[in-house]
Amino acid sequence: MKDIVLLKGDGIGPEIVDATKRVLAAAGAELRCHEFDVGATAYEKTGETLPKETVEAIKKYKVALKGPVTTPIGKGFRSVNVELRLAFDLYANLRPAYSFGGVSPYKNVDIVTVRENTEDLYIGEEKEINGGYEAIKRITEKATDRIIRFAFDYAKSRNRKKVTCVHKANILKKTDGLFLERFRFIAAEYPEIAADDKIVDNMCMQLVSYPEKYDVLVAPNLYGDIISDLIAGLVGGLGLVAGANLGKEVAVFEAVHGSAPDIAGKGIANPTALLQAAVMMLEHIGDGKTAEKIKKAVEKTLVEGKVLTSDLGGNATTEKFTDEIIKNLR
Ligand code: NAI
10 MKDIVLLKGD GIGPEIVDAT KRVLAAAGAE LRCHEFDVGA TAYEKTGETL PKETVEAIKK
70 YKVALKGPVT TPIGKGFRSV NVELRLAFDL YANLRPAYSF GGVSPYKNVD IVTVRENTED
130 LYIGEEKEIN GGYEAIKRIT EKATDRIIRF AFDYAKSRNR KKVTCVHKAN ILKKTDGLFL
190 ERFRFIAAEY PEIAADDKIV DNMCMQLVSY PEKYDVLVAP NLYGDIISDL IAGLVGGLGL
250 VAGANLGKEV AVFEAVHGSA PDIAGKGIAN PTALLQAAVM MLEHIGDGKT AEKIKKAVEK
310 TLVEGKVLTS DLGGNATTEK FTDEIIKNLR
């Protein structure tokens, strides 16, 4: 039995976490789940979005599966996701996305985005200036080197062929310039893996025109956030793609989507992204067998396309869709 922390989160979080728990149990995953609050739900109960007990539990068990959380836009508390990443130095955000037969508008996508998770504009240092505000974009050699090495090591371990650096070094000559310079320097240590780079605007065009040309992408925080959502769109939407936030000691697995307040409580959310996060988590803790079982069942359900949630053009509820995945487990 492996202990993990389960964070239900807000909005559709509890619905997709419950669906994921059902699939994990049906697949025979040997997990002892410790449930804690996080996000707006935790805030209502305790006045904190990331309560101390939640932090202590993650510190103790080292692995968490997290539902999405609500973050107020333009005001209010800081993003819990950003807090978690900083609290546990979860420096690498790994977002694999690949096509699932008929439900994916693009059939030939198999791309892993490696996003730097601790700096760039996400440090949240904004200040008032005469006539407006300015924000600090921080790029350091230390954080850049470790994310670029992470991307190449990941590519090597998964037998991937190419790593592409995404940047805007033509305009941001110092910050993105450093990111690109370190990429080129470190790429030379991995002669067996091809390396190239693209300016972020061109990268977006390339991804919608020739996604099959791309393999592993490495990017500073903001570009990584944006391009990984774009890639999620290529394979069928946010409801399908997961992400892992990885540090030296702690790993937090989640869906890339948010709390979807527009459909919360309706029982129609697609649990696939969180299930994919659970698959990544099982691989991380060394239970590749159960991970593969769930992965295959999800793929079969999506490729067959008989029972799909409404974001994928079907009319199944979260419960019916989950039943179908459980039926497809073997
Ligand atoms: P969102 O990802 O929650 O929703 C965007 C659209 O996709 C909505 O129409 C929603 O219904 C749909 N959608 C998302 N997940 C779905 C699923 N599993 N099944 C079916 N449809 C799904 O993004 P939005 O609306 O911009 O943000 C809502 C809240 O989520 C905000 O407070 C935001 O800060 C937060 N957020 C949290 C994240 C996290 O916890 N990792 C990531 C992104 C946003």
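The numbering of the sequence shown is the numbering used here, which starts it at 10 and goes up by one.
Beta carbons: idealized from backbone N, C-alpha and C, even for Gly.
Here the structure is a predicted model, which means the values were calculated and not measured.
query                                                                                                          : result
Pro200 classed as buried or exposed, judged by whether at least 16 other C-beta atoms fall within 10 angstroms : exposed
Within the region 149-213, ranges of the alpha helix (DSSP H) (whole runs, at least 4 residues)                : 150-166 and 184-196
Whole-Å CB distance - Leu226 paired with Val123, under 8 Å assumed                                             : 7 Å
Endpoints, alpha helix (DSSP H) assigned at Arg124                                                             : Note, Arg124: premise wrong, no alpha helix (DSSP H); beta strand (DSSP E) at Asp119 to Glu125.
Residue from Leu16, Gly22, Thr29 and Gly20 with nearest C-alpha to Val307                                      : Thr29
Cβ of Asn102 within 8 Å of any chain C Cβ                                                                      : No chain C is part of this structure, which consists of one protein chain only.
Euclidean distance between Cα positions of Lys136 and Val72                                                    : 35 Å
Proximity winner among Pro229, Asn254, Val112 and Thr326, relative to Phe188 (alpha-carbon distances)          : Pro229
Leu33 versus Val172: straight-line alpha-carbon distance, rounded                                              : 33 Å
Glu143 in three-state terms, based on DSSP                                                                     : strand
DSSP state of Gly56 mapped onto helix, strand, coil                                                            : coil
Presumed contact (8 Å Cβ cut-off) between Glu57 and Ala49, rounded CB distance                                 : So it is not a contact: roughly 11 Å between Cβ atoms.
Buried or exposed (CB count within 10 angstroms, at least 16 for buried), Ile21                                : buried
Pair within 8 Å by beta-carbon distance, Arg104 and Val91                                                      : no
Closer than 7 Å: Ile236 CB and nearest ligand 3 heavy atom                                                     : Inclusion of ligand 3 in the displayed structure is not the case, the ligand content consisting of ligand 1 alone.
Ala287 and Leu74 closer than 8 Å at C-beta                                                                     : yes
DSSP-derived helix/strand/coil call for Leu216                                                                 : helix
Same chain, Cβ closer than 6 Å to Gly110, five either side skipped, listed in chain order                      : Val312
Three-state secondary structure assigned by DSSP to Pro23                                                      : helix
Rounded separation between Val261 and Glu65 - CA only                                                          : 14 Å
Contact test: Ala101 Cβ vs ligand 1 heavy atom, cutoff 7 Å                                                     : no
Selected residue, minimal CA-CA separation from Arg94, among Ala253, Glu301 and Lys305                         : Ala253
Proximal residues to Lys165 (C-beta, below 8 Å), its chain only, five neighbours per side dropped              : Tyr199, Glu201 and Ile202
Residues sharing a beta bridge with Gly37, DSSP                                                                : The partner list for Gly37 (beta bridge, DSSP) is empty, contrary to what the question assumes.
Contact the region 178-195 vs the region 241-253: 3+ CB pairs below 8 Å                                        : no
Heavy atom of ligand 1 within 7 Å of Ser8 beta-carbon                                                          : Past the boundaries of the shown model lies residue 8; the chain is included only from 10 to 339, so the question cannot be answered.
Same chain, Cβ closer than 7 Å to Glu24, neighbours up to 5 away in sequence not counted                       : Gly276, Ala278 and Thr327
Beta-carbon proximity list for Lys17, same chain, < 6 Å, skipping 5 on both sides                              : Pro23, Val26 and Gly76
Coil, strand or helix - Gly323 by DSSP                                                                         : coil
Span separating the alpha-carbon of Tyr223 from that of Val118                                                 : 8 Å
Val316 and Lys302 closer than 8 Å at C-beta                                                                    : no
DSSP state of Gly110 mapped onto helix, strand, coil                                                           : helix
Residue of Val175, Gly141 and Lys183 minimising C-alpha distance to Asp205                                     : Val175
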